[in-house]
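One gets my numbering by counting positions in the sequence shown from 1 and adding 296 to each. No residue lacks a Cβ here, since even glycine has one placed at the ideal position from N, Cα and C. See below for the structure under consideration.
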Amino acid sequence: MLDPSVFAARREAYLRALGPGGVAVVASLPERVRNGDSHYRFRQHSDLHYLTGFTEPEAVLVLRGNADTERVVMFVRPRDPEMEVWDGRRAGIEGARDRYGADAAYPIAELSTRLWDLIANHEELHYSLGLDDAMDKVITAALARLRRTEKRGRRPPRAVVDPRVALHEQRLIKSPEELAVLRKAAAITVDAHLAAMAAGRPGSFEYELEAVIDYTFRHRGGAGPGYGTIVGAGENATVLHYVDNACAIAEGDLVLVDAGCEYGHYTADVTRTFPASGRFTGPQRAIYEAVLDAQRGAIELAAPGATLDRLHEHCIRRLTQAMVDLGLLAGSVDDRIADASYKRFYMHGTSHWLGMDVHDVGAYTRSGAARPLEPGMVITIEPGLYVAVDAADVPAEYRGIGVRIEDDVVITADGHEVLTARAPTSIDDVEAACG
């Protein structure tokens, strides 16, 4: 999707952040068994893909800040004609150098014998401990060997540093090339939501809508869902991470769909809630309009200098006011915010970073305070209200109603851009999309 020069520029930026005393080891994660001898489709670890574009398993990148030569080293699976008959063509050692920008490349089987020398005499080792036990053991063995040879001039790094310190901050600010890919992911996602709205009729099943969404993602060139698709009808919409998607859609149900397409290793994340019958009932409309009001206000606040905490506080206040107005909560809005009783109906955050991962990387605070938004950051804005079907102490007409509205927003120099604005949110537009 992206030109090799983009990955080269990312590596150079990361090397500058590492400084001459830093060395980074970025590894793929193991292929995962689904059941028996069947594996899930492999998806490259986002950090490794961000720096190389390499999509194969069993790969490790080493970036060396103090090296005059071999600053970019890759360990990959070598070409193997017999295995390639079964699993497809590999880039191999030559491909890692010629196509993926490595100064040097070696078979992955040689990682354990070569890594200690590559990381020697650096001050800091940037590596994600705890993601892969086998890779952790390789790192530990390399450090132990260097400790044994320290008196002979080959010493280990003095510290192991989490990649969140540098690499994940780099990933947080999206380049124009990344934003172009995200716009494509968003466009495909909007088309899928529109298709789901048109298909979601009483008598159909949640899994049928999921199938429509998956088909649209793949038909439009996406890799598939960027996370587990949620299709919750009726009371299932009040379960935040409902993924069974197995129930029939009944007359009068609201249907909550949370689905995002992954395209070029970047994912959208969109939620829409619509009436299966094509028209909102009065109670559904009241809940929906409260959520939409909160979301629209939060989107307007999204600009450089604002914080995600500020957006969340806005949604809490607007939604708590609605809870009091609708009789879900009693007392004053300030009191219900102070005692956090609003969390019974709005229990999650309003926003998160978005990018290569649906909950993308990057720190949310700086020096203990919420960090200001900056141009190039991409966020979600996703307030909701969820009234459990067994909430006996609230007006009966609201029980079993769940609504969430979520859009993807990029912060720009003069405000924001809603990447998913084409997906309808107003009552009239949603009903029109339902046909």
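- M643 sits in coil when the DSSP states are folded into three classes, being neither helix nor strand.
- Contact between E474 and G520 does not hold, since their C-beta atoms are separated by about 20 Å, which reaches or exceeds 8 Å.
- Leaving aside the five residues that flank F641 on each side, the residues in its chain whose CB is nearer than 7 Å to its CB run, in chain order, M619, L624, L681, Y682, V683.
- For R360 against V319, the beta-carbon gap comes to about 5 Å, under 8 Å, which counts as contact.
- P472 is classed as exposed because its beta carbon has fewer than 16 other beta carbons within 10 Å across all chains shown.
- Between E547 and P579, the C-beta spacing is not below 8 Å.
- Between I389 and P377, the CB-CB gap reaches or exceeds 8 Å.
- Relative to the Cα of V535, the nearest Cα in the group H712, G601, M643 belongs to M643.
- In this structure, the CA atom of E531 is about 55 Å from the CA atom of R367.
- In the displayed model, A455 falls within a strand according to three-state DSSP.
- Judged by DSSP in its simplified three-state form, N417 adopts coil rather than helix or strand.
- Scanning its chain for C-beta atoms nearer than 7 Å, with the 5 sequence neighbours on each side dropped, one finds around L407 the residues V356, F371, V434, in chain order.
- As a beta-bridge residue in DSSP terms, W649 pairs with I675.
- Ranked by Cα distance from S722, the first of R568, L604, I697 is R568.
- Within the same chain, and ignoring the five residues on either side of V685 in sequence, the residues whose Cβ sits closer than 6 Å to its Cβ are E531, R695, G696.
- Using a C-beta cut-off of 8 Å, the region 405-422 makes no contact with the region 380-394, since fewer than three inter-stretch Cβ pairs fall below that distance.
- Per the coordinates, the alpha-carbon of A398 lies some 36 Å from the alpha-carbon of E713.
- Taking all protein chains shown into account, R443 has fewer than 16 neighbouring C-beta atoms within 10 Å of its C-beta and is therefore exposed.
- With contacts defined as CB atoms closer than 8 Å, A481 and G518 qualify as a contacting pair.
- Under the DSSP assignment, E327 falls outside any beta strand (DSSP E); it carries neither an H nor an E label.
- In this structure, the alpha-carbon of A544 lies about 12 Å from that of L550.
- In the DSSP annotation of this structure, Y503 is not part of any beta strand (DSSP E); the continuous alpha helix (DSSP H) holding it starts and ends at 502-515.
- If you look at T569, you'll find it in the beta strand (DSSP E) that goes 566-571.
- Only residues of its own chain outside the window of five on either side were considered, and among them P498, E547, G548 have a CB closer than 7 Å to the CB of S573, listed in chain order.
- Secondary structure at R479: helix, using DSSP grouped into helix, strand and coil.
- A Cβ-Cβ distance of about 6 Å is found for the pair D487 and T512, placing them in contact under the 8 Å criterion.
- Minimum Cα-Cα distance from M673 among the listed residues D656, E504, R451 corresponds to D656.
- In summary, E506 is buried, with 16 or more beta-carbon neighbours lying within 10 Å of its beta-carbon over all protein chains present.
- Assigned with DSSP and collapsed to three states, E547 falls in coil, not helix or strand.
- Take the alpha-carbon of A455 and the one of A401: they are about 26 Å apart.
- H422 and R467 have their alpha carbons spaced roughly 15 Å apart.
- As summarised for the region 321-395, the continuous alpha helix (DSSP H) elements at least 4 residues long and confined to that stretch are 342-348, 377-383, 388-394, given in chain order.
- When the five nearest sequence neighbours on each side are left out, no beta carbon in the same chain lies closer than 6 Å to the beta carbon of D510.
- Each of L622, H489, D631, L604 was checked against the Cα of I526, and the nearest Cα belongs to H489.
- Secondary structure of V690 (DSSP, three-state): coil.
- Residue state for L604 is assigned as helix, using DSSP reduced to three classes.
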